[in-house]
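Report on one structure; see the data block that follows.
Chains as they are written, first to last, in my numbering: chain A, 1 to 283; chain B, 284 to 566.
This is the structure:
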């Protein structure tokens with residue numbers, strides 16, 4: 001038997017706190033609001049946008065969407081962000097990534113007010129995480145992993161955690177966050193040799209590779225806790241993670257399913273960031 | 284036999300390039316200059332200052348020192364840094380750390396122009412390292428480790444590197460720099476369990492613990508490359524590293540001595556940062 005770490009329970013728990021915060025804001029006639037900036041008409045972006053708006057509406061968070069042409073100019077982007085930075089009714093700004101290549105991503109990231117940067121794109125917010133200061137905005141996927149581990153009482157202090165990902169949205173911030181929780185952290189990637197012998201010795205393995213079912217039972221021990229961040233599509237068109245779930249389930253201590261795992265927590269944390277931002281901006 | 288990795292050779296090699304750059308600047312009537320800000324009269328600081336001035340003078344880099352009272356106010360500090368930021372003759376600003384507690388370290392770090400931030404205190408420069416962008420200023424000790432490994436042709440790609448330190452001047456920036464060189468990186472610290480079994484499996488071990496001779500041969504294999512960053516004082520008042528050198532020498536592939544190891548490279552890199560900053564500011 002492996003414990004199945006569903007994301008839903010974690011998300012519900014987070015939402016309970018959030019609802020109280022939203023109610024308290026309402027008493028002061030404040031309703032949190034997020035501004036979403038979408039460039040172009042990518043189906044992934046549209047689906048993500050819909051899911052955010054639905055979740056926000058259910059919780060009582062206002063949304064406004066800015067749909068920009070793919071040809072939007074650098075100045076138009078910067079002017080819009082500047083307007084939203086100054087708008088006291090907007091508490092969070094979310095810009096879908098990646099941007100079209102003619103836009104300067106670095107410049108745009110820095111232009112988002114650090115106080116409204118709910119998706120943690122501003123380098124000042126990222127640097128805080130590098131320093132281990134976890135009281136600001138964090139990339140939601142990395143934060144979701146930590147929330148999952150905390151919710152299921154999985155010990156971090158002194159644990160060996162292996163992360164297979166070195167991106168700025170998952171692996172790198174997550175490694176710093178786990179260090180702050182006193183875990184010993186190993187960061188692996190495509191150039192890592194003998195990956196399975198490294199993961200086999202870990203207490204916790206977090207994967208965000210993006211290859212359907214590439215990781216099987218050979219990578220784990222019976223004491224492994226396995227957190228699968230990826231959402232891939234398998235040969236039959238079904239959603240799956242990096243882990244070959246059917247091969248691994250039953251042979252490890254605990255495992256997240258895909259779907260219904262980490263992904264369920266990520267959007268909730270994005271909304272939590274809007275609400276937390278709203279509270280800080282209205283103290 | 285273990286190969287002894289002396290810092291001197293690495294420093295000399297770096298100085299060769301630096302001398303050429305300084306000569307080229309001289310042809311344009313430009314002499315690189317660093318402003319050193321020292322608060323109070325700590326003997327460590329005074330020794331470090333002397334060593335920097337001596338090294339700068341030998342290479343033809345100008346220095347100017349600002350000696351401030353321990354009671355210096357926040358505003359005096361910020362005004363001085365602002366003046367130096369604007370002074371086109373000053374190419375690098377070095378403020379000795381740590382500061383007296385009444386000063387806001389974060390605010391002062393951010394106030395140093397990112398272009399003159401030769402000791403990598405500004406969060407914008409640190410965040411670049413977090414992202415793996417290694418074309419800017421880097422903390423000199425972390426950079427010295429990378430330069431040592433590169434000079435002695437120690438392969439990084441796919442190698443397992445264990446770092447025993449998680450500070451913002453060594454462990455964290457070094458881990459990001461090594462990731463950019465495609466190493467697999469493990470970050471250990473005081474809460475790490477079974478440290479010796481982790482280091483024993485590594486290709487390269489970097490220690491910056493600050494405890495004289497705490498690490499003996501049990502931590503390594505015959506193929507280990509051992510980089511000792513610490514400079515401690517042993518029971519007999521002699522300088523030594525974290526490694527019990529006499530126990531380990533001969534039983535590993537390569538090892539840095541203390542003194543005459545990494546420390547010899549660090550100051551050289553600080554001066555290199557002044558010169559590189561000067562070049563960029565005068566393009």
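Cβ coordinates follow ideal geometry from the N, Cα and C atoms, glycine included.
One or two residues paired with residue i in a DSSP bridge
i                      : result
residue 38 of chain A  : A:67
residue 239 of chain A : A:233
residue 377 of chain B : B:319
residue 160 of chain A : A:184
residue 215 of chain A : A:243
Three-way DSSP call (helix, strand, coil) for residue i in this model
i                      : result
residue 266 of chain A : helix
residue 3 of chain A   : strand
residue 555 of chain B : helix
residue 417 of chain B : coil
residue 33 of chain A  : strand
residue 120 of chain A : coil
residue 248 of chain A : helix
residue 207 of chain A : strand
residue 61 of chain A  : coil
residue 541 of chain B : coil
residue 169 of chain A : coil
residue 226 of chain A : strand
residue 286 of chain A : Limits of chain A in this structure are 1 at one end and 283 at the other, which puts residue 286 of chain A out of reach.
residue 563 of chain B : helix
residue 370 of chain B : coil
residue 284 of chain A : Nothing about residue 284 of chain A can be read from this structure; chain A reaches only from 1 to 283.
residue 588 of chain B : Chain B is shown only over 284 to 566; residue 588 of chain B falls outside these bounds and no answer can be derived.
residue 386 of chain B : coil
residue 10 of chain A  : helix
residue 114 of chain A : coil
residue 475 of chain B : coil
residue 125 of chain A : helix
residue 43 of chain A  : helix
residue 51 of chain A  : helix
residue 480 of chain B : helix
residue 175 of chain A : helix
residue 28 of chain A  : coil
Presumed contact (8 Å Cβ cut-off) between residue i and residue j, rounded CB distance
i                      : j                      : result
residue 142 of chain A : residue 93 of chain A  : So it is not a contact: roughly 19 Å between Cβ atoms.
residue 39 of chain A  : residue 100 of chain A : 6 Å
residue 285 of chain A : residue 231 of chain A : The requested residue 285 of chain A is not part of the displayed model; chain A covers only 1 to 283.
residue 285 of chain B : residue 532 of chain B : 5 Å
residue 364 of chain B : residue 412 of chain B : In fact, because the Cβ distance is near 22 Å, the residues do not count as touching under 8 Å.
residue 37 of chain A  : residue 95 of chain A  : 4 Å
residue 470 of chain B : residue 489 of chain B : That pair is no contact at about 10 Å.
residue 281 of chain A : residue 26 of chain A  : Not quite, the Cβ-Cβ distance comes to about 16 Å (not below 8 Å), so this is no contact.
residue 268 of chain A : residue 11 of chain A  : 4 Å
residue 225 of chain A : residue 208 of chain A : Actually they are not in contact, since the Cβ atoms of residue 225 of chain A and residue 208 of chain A sit about 15 Å apart, beyond 8 Å.
Quiz item: Does the region 462 to 475 of chain B come close enough to the region 213 to 224 of chain A that 3 or more CB-CB pairs lie under 8 Å?
Solution: Counting Cβ pairs under 8 Å, fewer than three are found: no touch.
Practice problem: Determine which residues of the region 400 to 413 of chain B have a Cβ less than 7 Å from any Cβ of chain A, and write them out in chain order. | Solution: Against chain A - using a Cβ distance shorter than 7 Å - the residues of the region 400 to 413 of chain B are 406, 407, 409, 410, 413.
Quiz item: Which residues, in chain order, does the region 429 to 449 of chain B contribute to contact with chain A at a C-beta distance below 9 Å?
Solution: Taking 9 Å as the Cβ-Cβ cut-off against chain A, the residues of the region 429 to 449 of chain B that qualify are 440, 441, 442, 443, 445, 449.
Quiz prompt | Contact between the region 510 to 527 of chain B and the region 263 to 279 of chain A (3+ Cβ pairs under 8 Å) | solution = Short answer: they don't touch.
Practice problem: Inspect the CB distances between the region 427 to 447 of chain B and the region 393 to 410 of chain B and report whether three or more fall short of 8 Å. | Solution: Counting Cβ pairs under 8 Å, fewer than three are found: no touch.
Quiz item: Name the residues in the region 188 to 202 of chain A whose C-beta lies less than 9 Å from a C-beta of chain B; which are they?
Solution: Interface annotation for the region 188 to 202 of chain A against chain B: 188, 189, 190, 191, 192, 193, 194, 195, 197, 198, 201, criterion Cβ-Cβ distance under 9 Å.
Exercise. Quick one: which residues of the region 451 to 463 of chain B get their C-beta closer than 8 Å to a C-beta of chain A? List them in chain order.
Key: Going along the region 451 to 463 of chain B in chain order, one finds 451, 455, 458, 459, 462 with a Cβ nearer than 8 Å to chain A.
Practice problem: For the region 96 to 118 of chain A, enumerate the residues whose C-beta is nearer than 8 Å to any C-beta of chain B, in chain order. | Solution: So the list is empty, because no residue satisfies the distance condition.
Practice problem: Could you tell me whether the region 162 to 179 of chain A touches the region 192 to 211 of chain A, where touching means 3 or more Cβ pairs closer than 8 Å? | Solution: Per the Cβ contact rule, the region 162 to 179 of chain A is in contact with the region 192 to 211 of chain A (3 or more Cβ pairs under 8 Å).
Quiz item: Does the pairing of the region 249 to 256 of chain A with the region 5 to 18 of chain A give three or more beta-carbon distances under 8 Å?
Solution: Flag = yes, the region 249 to 256 of chain A and the region 5 to 18 of chain A touch.
Exercise. Assess, as a yes-or-no matter, whether the region 294 to 305 of chain B is touched by the region 166 to 181 of chain A under the definition of 3 or more beta carbon pairs within less than 8 Å.
Key: Taking a cut-off of 8 Å on C-beta distances, the region 166 to 181 of chain A does not touch the region 294 to 305 of chain B, as fewer than three cross pairs fall below it.
Practice problem: Note down, in chain order, all residues in the region 209 to 243 of chain A with a beta-carbon under 8 Å from any beta-carbon belonging to chain B. | Solution: Only those residues of the region 209 to 243 of chain A whose C-beta falls short of 8 Å from the nearest C-beta of chain B would be listed, and there are none.
Quiz item: Hey, is the region 74 to 90 of chain A in contact with the region 102 to 112 of chain A, meaning 3+ C-beta pairs nearer than 8 Å?
Solution: The region 74 to 90 of chain A makes contact with the region 102 to 112 of chain A; the number of CB pairs closer than 8 Å reaches 3 or more.
Quiz item: Which residues, in order along the region 543 to 560 of chain B, keep a beta-carbon less than 8 Å from a beta-carbon of chain A?
Solution: Identification of residues in the region 543 to 560 of chain B having a C-beta nearer than 8 Å to some C-beta of chain A yields an empty set.
Self-check item: Chain-ordered residues of the region 350 to 378 of chain B with a beta carbon less than 9 Å from chain A
Solution: So nothing in the stretch comes that close.
Quiz prompt | Where the region 528 to 544 of chain B meets chain A: residues whose CB sits under 9 Å from a CB there | solution = So the list is empty, because no residue satisfies the distance condition.
Self-check item: Residues within the region 305 to 338 of chain B neighbouring chain A, beta-carbon criterion of under 7 Å
Solution: Only those residues of the region 305 to 338 of chain B whose C-beta falls short of 7 Å from the nearest C-beta of chain A would be listed, and there are none.
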